[in-house]
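All remarks here apply to the structure that follows.
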Amino acid sequence: MGISLFLLGGLITFFIVVMGWGTFDHFRFTFGGIMNNHGRFILLLGALLVFCSHQAWAGLPQAVPGEYVVKLKADISKVSMTMVTKSFQADFSRPISQVSNTVLIKRSMLDRTEAVVAQLKRHPLVEIIEPNYIYHASVLPNDARLSDLWGLRNQQKSGIDIGAEAAWDITTGSRDIVVAVIDSGVDYTIADLQNNMWVNEAEKNGTAGVDDDGNGFVDDIYGYDFANSDGDPMDDNNHGSHCAGTIGAEGNNGEGVVGVNWQVKIMALKFLTGSGSGTLEAALQAIDYAVANGAKILSNSWGGGGFSQNLYDAIERAKDAGVLFVAAAGNSGANNDSTDAYPANYELDNVISVAAIDSNGNLASFSSYGKKKVHIAAPGVDILSTTPQGLKYFDGTSMATPHVSGVAALLLSSEPLLDYAQIKDRLMATSHRLSNLKSKTISGGIVNAYNALTNTVPPPDPNDPANWEKAPFTAASPHPYDNNFSNTYTLTVPGAAKVAAHFSKFDTENRYDKVIVKDSSGNVYATLTGSLDDIYTPVVDGETVILEFSSDGSITRYGFDVDHVAYIEPN
1306 MGISLFLLGG LITFFIVVMG WGTFDHFRFT FGGIMNNHGR FILLLGALLV
1356 FCSHQAWAGL PQAVPGEYVV KLKADISKVS MTMVTKSFQA DFSRPISQVS
1406 NTVLIKRSML DRTEAVVAQL KRHPLVEIIE PNYIYHASVL PNDARLSDLW
1456 GLRNQQKSGI DIGAEAAWDI TTGSRDIVVA VIDSGVDYTI ADLQNNMWVN
1506 EAEKNGTAGV DDDGNGFVDD IYGYDFANSD GDPMDDNNHG SHCAGTIGAE
1556 GNNGEGVVGV NWQVKIMALK FLTGSGSGTL EAALQAIDYA VANGAKILSN
1606 SWGGGGFSQN LYDAIERAKD AGVLFVAAAG NSGANNDSTD AYPANYELDN
1656 VISVAAIDSN GNLASFSSYG KKKVHIAAPG VDILSTTPQG LKYFDGTSMA
1706 TPHVSGVAAL LLSSEPLLDY AQIKDRLMAT SHRLSNLKSK TISGGIVNAY
1756 NALTNTVPPP DPNDPANWEK APFTAASPHP YDNNFSNTYT LTVPGAAKVA
1806 AHFSKFDTEN RYDKVIVKDS SGNVYATLTG SLDDIYTPVV DGETVILEFS
1856 SDGSITRYGF DVDHVAYIEP N
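All residue numbers for the sequence shown refer to my numbering, where the first residue is 1306 and numbers rise by one.
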């Protein structure tokens, strides 16, 4: 990759060019894409890294976690809610109906539903207690390729999607909400997109070649092309249209796919050229244009280059205007806690950084991550969406990002007074928790539209070892370990059905010095390397987890410390 600096009238423009994973001086960059093992293209654009319902546990009716509807034996008009809250050891309570003497109580979500119901049934005030069940009609759009959109509705693995099906029973979006897709442009003639495009009516109905609305941009009907400095943001790359389709392909129109929002306004802001490269200058212009023209969510599936104060300031201006900035974490597979990736790593309150998962809920092999820097995950493998050449499957954190942008827009359509901080906090707090994302993202989960709309904080993942029993263990490598060091550590909890070792500290030379996690039969569960403090190994079947540590002949680090093993007993 090259970063060319052009001095134009005192303006330094960073020109970000698509190149391949290789080295150039001290920089690492990426080819326009790589083929995954399905023969599909992982888009790494723009820098070109253009990074390019809550489901009930199986067999249980869906209910709001921790909430219970209680019919009291006493007259509710004679009972204080303070007394009810205290009596039921609840976090809070509120009346539902005086006619039926019912109240809602909320208890810790760590309490098992069955246990709470059994306990409170015996309470002298309780006549009836039930979970706060969720009811909804099964309404789906009639779009022909809906079944292929696993990110919205995963029919193979329940819960590993964004909960769109349940969310659509609450809202399908609103054309009052404007989402700016800052990318390679959008093909506004695509049937699934044309009715959901943002339109500058003054320019549409004005005179060609004239700045009819006086905003400084001529013929900016659907947005603007900052890559070529004209009013036509037509996509000549595919990437931007693909992202736009995930956010807002029109729903229930009988066409190919549907977006997270059936109705929304997509503002097309092109700053990447047809080859997938773009400049800092164009990026700044696109961001400022979006803010000035009413976009409340900016979707950014791009990255690259180093820290730019100008770009930081532009995103901060967006923050000051109340705008959310959604950014792809990157496709390098790097830990963003130790390797900066911009704009995703800008520490601004309105930035939300997005990693990618596959349809099994695993972090995508290419996805960057970061327990401290990457906020949330979303579907990003085998994602079908709109392009000028028809429907295509793409992979990348580029594809994960518009899922989050789309859910943010859906939430804003339901609660239009929310500010960017409230939206960001809601998306993170209501994400669907997955144990394998706990050490990879701040939220530890994937974005979930239904949870966000209902403000439902999901229960802890029952497969997360952090919620299991703990057996104290002390196992440690030398600090630091030597070159060409190797040792095997065997940790056993007699009688356990599953175990996972916990590293209080883990720091090895990334990719070269490794810990291989095995079970007692020698089956390999994972290879751990790099900086991974406060994490569990993958869950190992049986009572024993084996850690095989080896280092190469150069560069040593701290090593690791194990302080306990989490386990569950046989049922």
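All C-beta atoms in this analysis are idealised placements derived from N, C-alpha and C, irrespective of residue type, glycine included.
- In the three-state DSSP reduction, residue 1539 falls in the coil class, being neither helix nor strand.
- Residue 1470 counts as buried, since no fewer than 16 other beta carbons sit within 10 angstroms of its beta carbon.
- Boundaries of the alpha helix (DSSP H) harbouring residue 1594: 1585–1597, taken from the DSSP string.
- Shown here for residue 1567: same chain residues with a beta carbon closer than 7 angstroms to its own, the five before and five after excluded, namely 1446, 1477, 1478, 1555, 1556, 1557 in chain order.
- Distances from the CA of residue 1552 to each of 1703, 1830, 1860 were compared; the closest alpha carbon is that of 1703.
- When DSSP states are grouped into helix, strand and coil, residue 1660 belongs to the strand group.
- Fully enclosed beta strand (DSSP E) runs of no fewer than 3 residues occupy 1803–1812, 1819–1823, 1829–1833 of the region 1799–1835, in order along the chain.
- One thing to note: residue 1809 has its Cβ no nearer than 7 angstroms to the Cβ of residue 1864.
- Non-local C-beta neighbours of residue 1631 in its own chain, meaning closer than 7 angstroms and more than five positions away in sequence, comprise 1602, 1603, 1604, 1605, 1657, 1659, 1706, 1709, 1710, 1713, ordered along the chain.
- Distance check between residue 1382 and each of 1371, 1399, 1374 places 1399 closest, using alpha-carbon atoms only.
- The beta-carbon distance between residue 1575 and residue 1497, rounded to whole angstroms, is 19 angstroms. This is too long to meet the 8 angstroms contact definition.
- For residue 1869, the pairing in a beta bridge is given by DSSP as 1777, 1807.
- Among the bridge pairs identified by DSSP, residue 1640 is matched with 1674.
- Out of 1737, 1763, 1741, the CA that lies nearest to the CA of residue 1751 is found in 1737.
- Of 1634, 1376, 1416, the smallest CA-CA separation from residue 1406 is found for 1376.
- If only uninterrupted alpha helix (DSSP H) runs of at least 4 residues are considered, those enclosed by the region 1442–1520 are 1469–1472, 1506–1509.
- With a cutoff of 7 angstroms on beta-carbon distance, residue 1490 and residue 1573 are scored as near each other.
- Within the region 1377–1438, complete alpha helix (DSSP H) segments of at least 4 residues are found at 1386–1392, 1418–1426, given in chain order.
- Residue 1687 and residue 1694 have their C-alpha atoms roughly 17 angstroms apart.
- Residue 1653 holds the alpha-carbon nearest to the alpha-carbon of residue 1679 among 1691, 1692, 1653, 1699.
- Runs of the beta strand (DSSP E) lying entirely within the region 1741–1795, each at least 3 residues long, are 1774–1781 in chain order.
- In this structure, DSSP gives residue 1544 a helical state, which the three-state scheme calls helix.
- Using a Cβ-Cβ distance cut-off of 8 angstroms, the region 1582–1597 and the region 1525–1544 are in contact, since at least three pairs of beta carbons, one from each stretch, lie closer than that value.
- Residue 1601 sits in coil when the DSSP states are folded into three classes, being neither helix nor strand.
- Closest by C-alpha distance to residue 1769, out of 1796, 1794, 1758, 1739, is 1739.
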